[in-house]
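Reviewing the structure listed below.
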Amino acid sequence: MDIEKSLMAVCCWSGTVFDHGNSDMETTIATMVQSGNTKSQIMDHFVNQYGERVLAVPVMAGFNLLAWVTPIIIGIIGIIVWYRYLNISSIGEPIKNEYNDIPNIDQIEQELKEME
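UniProt numbering puts the sequence shown at residues 1 to 116.
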């Protein structure tokens, strides 16, 4: 049963042999188990016949290593960006509400009061 969960059903490649119920593969697996083959021998048989695509979980080697490492790297980058985003408000200066550097501010203030 563990072997059936580790192999994709080759009839449509949409699920494992265990979930899909591919009778041809189930029969082949049962025959090989009864013959005394180990799990690794059975897995190697199907990999030799169909390629690594038949494995439900990619092998952690070569290009497939990218499938294992990329989510971890993206997660770490996401945490760093999130942390920096949360701390950005403490880095910036508070907004000044002083109008001393605006020319003619007194005249503008007076005209605004007259409009009210």
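Think of the CB as a built atom: it goes at the ideal place given N, C-alpha and C, for glycine as much as any other residue.
The segment 26 to 40 in contact with the segment 73 to 82 per 3-pair CB rule at 8 Å: no
Can you tell me the Cβ-Cβ gap for V54 and V47, rounded? I've got them flagged as a contact below 8 Å. By 1-based counting over the sequence shown, the position of residue 54 is 54. By 1-based counting over the sequence shown, the position of residue 47 is 47. Confirmed, about 6 Å.
Boundaries (first-last residue) of the alpha helix (DSSP H) holding V47: On the sequence shown, position 47 is the one that residue 47 refers to. Note, V47: alpha helix (DSSP H), K39 to Y50.
According to DSSP, simplified to helix, strand and coil, what is M8? By 1-based counting over the sequence shown, the position of residue 8 is 8. Correct three-state label for M8: strand.
S40 to Y85 span [Cα, whole Å]: The count along the sequence shown starts at 1 and reaches residue 40 at position 40. The count along the sequence shown starts at 1 and reaches residue 85 at position 85. Roughly 48 Å separates the two Cα atoms.
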